[in-house]
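Undergrad: Below: one structure in structure tokens.
In the working numbering, the protein residues as written are 6 to 127.
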């Protein structure tokens, strides 16, 4: 890629080779895309935000959200498969909460910053 020039060189990119190398690191971009894709659904985003503050079962999450348990379960499955939430079983009950990860913390703060929300007191 050495000596490569842009079709319209505006002088904005000093080291185009460095940008090209960074853009080739698709794993990081793919991870961000998957996380943001989950947030493209408003209901899923609200459930995710709730689970950043609360660990709950499908029945309680459904009551808080004002939705049916099957509808909530559908969203929980998608969030769990994406790695944003985790579940634990206690007897017959399954509890869900946000994963403790950098990715989840960034999404949580992004939602709150963009929506000007404040975390509720625990």
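Don't be surprised by glycine CBs; every beta carbon is placed ideally from N, CA and C.
Computed from a predicted model, the values in this text were never measured in an experiment.
#1: In angstroms, rounded to a whole number, what distance separates the CA positions of residue 57 and residue 33?
#2: Are the segment 85–98 and the segment 39–56 touching, with three or more C-beta to C-beta distances below 8 angstroms?
#3: For residue 77, which residues in the same chain have their Cβ closer than 8 angstroms to its Cβ, ignoring the five residues on either side in sequence?
#4: Is residue 103 near residue 113, with beta carbons less than 9 angstroms apart?
#5: Would you kindly work out how many angstroms separate the C-alpha atoms of residue 96 and residue 107, rounded to a whole number?
#6: So the candidates are 48, 121, 110, 23; which of them puts its Cα closest to the Cα of residue 83?
#7: Run the CB neighbour count on residue 27, radius 10 Å, all protein chains shown included, and call it buried at 16 or more, exposed below.
#8: In chain order, what are the residue ranges of uninterrupted alpha helix (DSSP H) at least 4 long that sit wholly in the segment 21–81?
#9: From the DSSP output, in three-state form, read off residue 104 for me.
#10: Can you tell me whether residue 40 is buried or exposed? The criterion is at least 16 other CB atoms within 10 Å of its CB, across all chains shown.
#11: So who's on the other strand from residue 92, going by DSSP bridges?
#12: Just how far apart, CA to CA, sit residue 75 and residue 93?
TA: Straight from the coordinates:
#1: The residue you call residue 57 lines up with position 52 of the chain shown. The residue you call residue 33 lines up with position 28 of the chain shown. Cα to Cα, the separation comes out at about 23 angstroms.
#2: yes
#3: Taking the chain shown and counting its residues from 1, the one referred to as residue 77 is at position 72. Result list for residue 77: 52, 63, 66, 67, 70, in chain order.
#4: What you label residue 103 is simply residue 98 of the chain shown in a count that begins at 1. What you label residue 113 is simply residue 108 of the chain shown in a count that begins at 1. Yes.
#5: Within the chain shown, residue 96 is the residue found at index 91, counting from 1. Within the chain shown, residue 107 is the residue found at index 102, counting from 1. Taking the straight line joining both Cα atoms gives about 30 angstroms.
#6: Translated into the one-based positions of the chain shown, residue 83 becomes position 78. Comparing Cα-Cα distances from residue 83 to each of 48, 121, 110, 23, the minimum goes to 48.
#7: Walking along the chain shown from the start, residue 27 turns up at place 22. Its Cβ having fewer than 16 others within 10 Å, residue 27 is exposed.
#8: 21–28, 31–43, 47–56, 63–70
#9: In the chain shown, residue 104 corresponds to position 99, counting from 1. Secondary structure at residue 104: coil, using DSSP grouped into helix, strand and coil.
#10: For the purposes of this step, residue 40 is identified with residue 35 of the chain shown, where counting begins at 1. Buried, since its Cβ has 16 or more Cβ neighbours within 10 Å.
#11: Taking the chain shown and counting its residues from 1, one reaches residue 92 at position 87. DSSP, once it has assigned bridges, lists 101 as partnering residue 92.
#12: Sequence index remark: in the chain shown, residue 75 carries index 70 (1-based). Sequence index remark: in the chain shown, residue 93 carries index 88 (1-based). Near 18 angstroms, if we compare the C-alpha coordinates of residue 93 and residue 75.
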